[in-house]
Amino acid sequence: MRARREFRNRRDVEVDLLDALVDRAEEGMTVFELRAAVDADIDTIEEALSALKSDGLISVDSGEDRVVILPADRVVPDPTAEPEGEQSFIDAVREKFGL
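Offset between the sequence shown (1-based) and the working numbering: plus 129.
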């Protein structure tokens with residue numbers, strides 16, 4: 130599953146992190162699991178996680194066993210909603226020019 134469309138206009142690594150977290154929204158992911166899921170070095174991941182946290186798009190849960198990162202509820206798409214269709218022309222232009 131992918132993060133909601135309105136959160137996809139961020140840096141690629143941030144979108145990749147959100148997508149990975151949305152796939153495991155219930156249980157969350159550790160930093161090591163995110164590192165395995167996203168093709169970026171640990172410094173880039175750390176910087177992206179910091180930006181996502183400051184924007185309120187993720188939360189950190191310190192459980193008994195491990196620390197996990199969870200996506201904010203507003204990032205996770207409604208599973209009962211219709212799946213998003215193909216990318217609109219405007220979205221394609223925005224993506225192409227990095228807007």
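Don't be surprised by glycine CBs; every beta carbon is placed ideally from N, CA and C.
Predicted, not measured: the structure shown is a model, and the values here were computed from it.
Which residues share a DSSP beta bridge with residue i?
| i | result |
| --- | --- |
| residue 198 | 158 and 189 |
Would you kindly work out how many angstroms separate the C-alpha atoms of residue i and residue j, rounded to a whole number?
| i | j | result |
| --- | --- | --- |
| residue 148 | residue 222 | 21 Å |
| residue 181 | residue 157 | 15 Å |
| residue 179 | residue 199 | 13 Å |
| residue 144 | residue 136 | 7 Å |
| residue 203 | residue 151 | 11 Å |
| residue 169 | residue 140 | 12 Å |
| residue 207 | residue 155 | 13 Å |
| residue 134 | residue 194 | 33 Å |
| residue 189 | residue 225 | 32 Å |
| residue 175 | residue 227 | 22 Å |
| residue 172 | residue 183 | 17 Å |
| residue 163 | residue 132 | 15 Å |
| residue 192 | residue 167 | 23 Å |
Considering only C-alpha positions, which residue in the set the options is nearest to residue i?
| i | options | result |
| --- | --- | --- |
| residue 201 | 146, 162 and 138 | 146 |
| residue 185 | 192, 191 and 177 | 177 |
Since residue i contacts residue j with CB under 8 Å, what's their CB separation in whole angstroms?
| i | j | result |
| --- | --- | --- |
| residue 159 | residue 197 | 6 Å |
Determine the burial state of residue i: buried for a count of at least 16 other Cβ atoms within 10 Å of its Cβ, exposed for fewer.
| i | result |
| --- | --- |
| residue 165 | exposed |
| residue 219 | exposed |
| residue 187 | buried |
| residue 142 | buried |
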